[in-house]
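*Asks:* First, the structure itself, so that you have it in front of you.
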Amino acid sequence: MSADHLERLRREGRIVIVGASLAGLRAAETLRAEGFAGDLTLIGDEPHEPYDRPPLSKSALLGMASPLRTQLPRRREIDAKWRLGVAATGLDLAAKRVRLADGDEVEYDRLLIATGVRARPWFKEEEARLDGVCVLRTREDAADLVRRLRAGPRRVFVIGAGFAGSEVASACRELGLPVSMAERAGAPLVGALGGVIGSVAADLATEHGVDLRTHVTVTALEGDTVGRVRAVHLSDESVVEADVVVVSLGSLRNTEWLTGSGLGAGPRGVACDAGCRAFDFRGIVTDDVFVAGDVARSPHALFGYQFLSLEHWGNAVAQAETAAHNMICDGADRRPHLWMPAFWSSMFGVNIKSVGVPPMGEHLMITQGSLAERRFTGVYGHQGRVVAAVTFDNARWLEFYQRQIERGAPFPVEFPTLDRRPEGRQPVPAGFPDPSLPTHGPMVTLSGYSPADQQLVFHPSRH
Amino acid sequence: MPHASLARQITDFGNRANPYPLYAELRRTPVLHEEEDGPYLISSYYDIEALLHDPRISSDATNLAAAGADGAGEPEETGGLPPSFLRLDPPEHDRLRRIANTGFGPPHRPRRIEGMRGAMREIVTELIDGFGDARQVDLVDQFAYPFPVTVICRLLGVPREDEPTFRTWVDPLVASLDPEKRPGGAQEAEYRQSAQEARMRLGMYLSGLVEERAREPRDDLLSDLVNSRGPDGSMTMMEVLSTSVLLLIAGHETTVNLITNGMLTLLRHPEVLGRLREDPGLSVSIVEELLRYEPPVQLVPQRTCITDIEVRGVTIPKGSRIWLMLAAGNRDPERFEDPDRFDPDRGDIQHLGFGSGIHSCFGAPLARLETQIALSELARRLENPRLVEDPPPYRENAVLRGPRHLDVAFDGVR
Chain L
220 MSADHLERLR REGRIVIVGA SLAGLRAAET LRAEGFAGDL TLIGDEPHEP
270 YDRPPLSKSA LLGMASPLRT QLPRRREIDA KWRLGVAATG LDLAAKRVRL
320 ADGDEVEYDR LLIATGVRAR PWFKEEEARL DGVCVLRTRE DAADLVRRLR
370 AGPRRVFVIG AGFAGSEVAS ACRELGLPVS MAERAGAPLV GALGGVIGSV
420 AADLATEHGV DLRTHVTVTA LEGDTVGRVR AVHLSDESVV EADVVVVSLG
470 SLRNTEWLTG SGLGAGPRGV ACDAGCRAFD FRGIVTDDVF VAGDVARSPH
520 ALFGYQFLSL EHWGNAVAQA ETAAHNMICD GADRRPHLWM PAFWSSMFGV
570 NIKSVGVPPM GEHLMITQGS LAERRFTGVY GHQGRVVAAV TFDNARWLEF
620 YQRQIERGAP FPVEFPTLDR RPEGRQPVPA GFPDPSLPTH GPMVTLSGYS
670 PADQQLVFHP SRH
Chain R
23 MPHASLARQI TDFGNRANPY PLYAELRRTP VLHEEEDGPY LISSYYDIEA
73 LLHDPRISSD ATNLAAAGAD GAGEPEETGG LPPSFLRLDP PEHDRLRRIA
123 NTGFGPPHRP RRIEGMRGAM REIVTELIDG FGDARQVDLV DQFAYPFPVT
173 VICRLLGVPR EDEPTFRTWV DPLVASLDPE KRPGGAQEAE YRQSAQEARM
223 RLGMYLSGLV EERAREPRDD LLSDLVNSRG PDGSMTMMEV LSTSVLLLIA
273 GHETTVNLIT NGMLTLLRHP EVLGRLREDP GLSVSIVEEL LRYEPPVQLV
323 PQRTCITDIE VRGVTIPKGS RIWLMLAAGN RDPERFEDPD RFDPDRGDIQ
373 HLGFGSGIHS CFGAPLARLE TQIALSELAR RLENPRLVED PPPYRENAVL
423 RGPRHLDVAF DGVR
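Protein chains in written order, with the working numbering: chain L, 220 to 682; chain R, 23 to 436.
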């Protein structure tokens, strides 16, 4: 691109951001901070200005924060046109136009796709409509769940023991509510952290009074005569009475609106290069469409350049900043998005943090602390190198392990470490089940090498 | 050897007023090992930061002693008390620090520090009122010293009438932390003895208080330490004592120096002092920048490595002593733009002043609040304050560095 053209873009171009949540907001702020003076439009299907989601499954459920008051702090004025409460429904790459649900169309010179994910609903629509069947993603979801928990239900039933489900179960116990949690795999968190750590999570949940049921699936939700949920039927033929059911089956990426647009978008997200530029379905990178946040899949140098999808707060921020920067730069001024996957959670009084890609690890070593004490650092290895680490109430060491991952340090961890116990001298199988088994998502997903998230048929060109 | 080693120059009292040129020289060799059996000095920001989170680095006093350090004579091991968590590794460190925290901060005591704001303000007001008609005071003796010792006594639950006695015990203990004092100096035996004695007396006094609080708990930290019954169990009497002594010492001298270094720096930067006078809210970023620019703990000299480690291509053999030069890292141009400029407006002040990792300063929230209140009140109330002597006379200590006296003249007290 010529310098003139770029200068004009920065001065009077039109930038459209689809998705008005964390990534969208941080991108908008970065654009302005870096001197973009043109038209900026933010499109969001929710009627609210950007708000923060992590508290919704934690402090909000405990009544310590209002789910309606988690607006994201603003770093600066962004002077944008807000199109809130209107979903984007289509994209015309050639004409550079976004179609909206109200029939409007918005033209762009640069587009950022930050539409994120939504909660996977209960698969039987009729049962999903029963009063008391909830999901937890938006602030309305949280407000609704808070209201139901306050009403003192006889029992809460959580379907799916991933991070979100486990956090809900933890909050229920803290509120003194009876809670059951069902998981298709053998333990909570196994999709994200494997079976060894999963069994610690299982003990934690059980000790805090959660009625944990593993190796089962929910077959049906039963309603009463007035349409309220009253019982949950399980694959082991047991029936649990419950008046609140929280469906926590992971998330779906919001890419349907891109169907037919020609972008490399599908159920696993929108593929982009390290510079956050979207790929089209042919594997050719675009130069005016960018992607950031939960909806993005981007190749990662540390993990063999496989495309990585991350549902991590920190990734959304970092990727949004990089995407925004690259939208108004070119050539050598552009930066790669080199984010170390990292997430945190808290449940049953334990702080859990992780870096890297645990599901990539075949083996696990407890290099500090002990599983039995629920205070430890676990290191995951893949093909002789360190690829991830997780801590339970031991987060202050995590930075060291992040560096080990960054430099591809050898695995097993042979050197001595403080507080190494006999159990941590040898690696053990990390115990990741078949990825199709857990009912929850891993939050960080390796999704192969194909930039186009769809079946392609290869036709050699004829000369 | 034609020149004294950098480590010796840094501990040399003659360089106390301005060690920063030495630190700059140090950073040119980011991993410096000058003498056989001597410590490895780490001076770049990122290396220090990394080693503070490195599980191959031990803070255990017995490892340090085994490393051939003169640390064997440290008061931590000789006062009849077990080592405090500052000188322990996990899991013992973690257990003691967690129990200590149940009396200090969230989640068990989220309001304890913030709840002292009013009391701190009162103490500061009284101290400044106490300047009376004087037009010149020694800010160390008349303000910075009595303030934190009073606060820490109130926090622990030490009765007010006993407060003055503390100073006589705390002084020799703090002096004994100075690495310069260790290698066979003439005063060494005397130093050790007085430190040991002070520690014993302090311990005896506190054990009496601990028994009282065990019988009749009050709303103070000592009562929480004595009566903790959490998942980590409770502290033994000896552990309560050594933790209390740690909080007294570590929480005291450092805060004195932070306040004194702070006022010294503000008097050298009158435009910032003027802004603080108008806007007490500026004290928050001033204190953070001070922790970077003039950190009260200049270096961490108590670490050893439990295996060979590599830093910037240099292998540090197992068992070596490591000095983490926090004050040098804080002025590392690789990390901070224009690092030698005092600039509370720099948005990015992620300093090493409180350390980092599992041993990061336990009392940080307390020290921050104390210094914010102290500096903003001094700025508000002293009319036309100015330094009488620049640089002021310094204390011996190269680790906990700060002025021994800070004479400040002013036209009046508002």
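The beta-carbon is built from N, C-alpha and C at its ideal position, and this holds for glycine as well.
1. For the beta strand (DSSP E) that residue 599 of chain L lies in, which residues bound it at each end?
2. In its own chain, which residues sit with a C-beta less than 6 Å from the C-beta of residue 5 of chain R, not counting the 5 before and 5 after it?
3. Tell me which residues share the same chain as residue 362 of chain L and place their Cβ nearer than 7 Å to its Cβ, disregarding the 5 neighbours each side in the sequence.
4. DSSP on residue 579 of chain L, reduced to helix/strand/coil?
5. Please list the residues of the segment 323-337 of chain R that have a C-beta atom closer than 9 Å to any C-beta atom in chain L, keeping them in chain order.
6. Under the three-state reduction of DSSP, which class applies to residue 590 of chain L: helix, strand or coil?
7. Can residue 230 of chain R and residue 263 of chain R be called in contact, C-beta distance under 7 Å?
8. Sort L:368, L:315 and L:541 by Cα distance to residue 492 of chain L and report the nearest one.
9. Would you call the segment 581-598 of chain L and the segment 643-656 of chain L in contact, with 3 or more CB pairs under 8 Å?
10. By DSSP's criteria, residue 566 of chain L is part of a beta bridge. Which residues make up the other side?
11. Under a Cβ-count criterion, where at least 16 other Cβ atoms within 10 Å of its own Cβ denotes burial, should residue 165 of chain R be classed as buried or exposed?
12. Are there three or more Cβ pairs, one per stretch, closer than 8 Å when the segment 228-237 of chain L is compared with the segment 254-269 of chain L?
13. Considering just the uninterrupted stretch of the alpha helix (DSSP H) at residue 277 of chain R, what are its terminal residues?
14. Can you confirm whether residue 113 of chain R, when its beta carbon is compared against all beta carbons of chain L, has any partner nearer than 7 Å?
15. Return the residue from the list R:284, R:48, R:312 and R:125 that minimises the CA-CA distance to residue 241 of chain R.
16. Which residues does DSSP pair with residue 526 of chain L in a beta bridge?
17. Quick one: is residue 380 of chain R near chain L, going by C-beta distance under 7 Å?
18. Which residues of the segment 613-635 of chain L have a Cβ closer than 8 Å to any Cβ of chain R? Give them in chain order.
19. In chain L, what lies closer than 7 Å to residue 76 of chain R by C-beta?
20. When you compare only the Cα positions, how much space is there between residue 527 of chain L and residue 235 of chain R?
21. Quick check on residue 507 of chain L - is its C-beta less than 7 Å from some C-beta in chain R?
22. Rounded to the nearest angstrom, what separates residue 643 of chain L and residue 575 of chain L at their Cα positions?
23. Three-state secondary structure (DSSP) at residue 383 of chain R?
24. For residue 65 of chain R, does the count of other Cβ atoms within 10 angstroms reach 16, so buried, or fall short, so exposed?
25. By alpha-carbon positions, which one of L:571, L:435 and L:483 ends up nearest to residue 455 of chain L?
26. Taking the straight line between their C-alpha atoms, what separation do you get for residue 317 of chain L and residue 264 of chain L?
27. So, do the segment 357-377 of chain R and the segment 301-310 of chain R have three or more beta carbon pairs nearer to each other than 8 Å?
28. Between the segment 292-305 of chain L and the segment 471-479 of chain L, do three or more beta carbon pairs fall short of 8 Å?
29. Taking a Cβ distance cut-off of 7 Å, strictly less, list which residues of the segment 57-91 of chain R are near chain L, in chain order.
30. Taking only the alpha-carbon atoms, compute the straight-line gap between residue 161 of chain R and residue 331 of chain L and give it to the nearest angstrom.
31. Report yes if the CB atom of residue 377 of chain L is closer than 7 Å to the CB atom of residue 371 of chain L, and no otherwise.
32. Residues bridged to residue 491 of chain L by DSSP?
33. Going by CA-CA distance only, name the one from L:464, L:395, L:519 and L:289 that's closest to residue 351 of chain L.
34. For residue 471 of chain L, which residues does DSSP report across the bridge?
35. Residue 34 of chain R to residue 289 of chain L, Cα distance in whole Å?
36. Would you call the CB atoms of residue 501 of chain L and residue 509 of chain L closer than 7 Å?
*Replies:* In brief:
1. 594-601
2. Nothing in the structure corresponds to residue 5 of chain R, since chain R is present only between 23 and 436.
3. 286 and 287
4. helix
5. 328, 329, 330 and 331
6. coil
7. no
8. L:541
9. yes
10. L:569
11. buried
12. yes
13. 275-290
14. yes
15. R:125
16. L:518
17. yes
18. 615, 616, 617, 618, 619, 622, 634 and 635
19. 619
20. 56 Å
21. no
22. 20 Å
23. coil
24. buried
25. L:435
26. 13 Å
27. yes
28. no
29. 72, 75, 76, 77, 78 and 80
30. 57 Å
31. no
32. L:497
33. L:464
34. L:337
35. 54 Å
36. no
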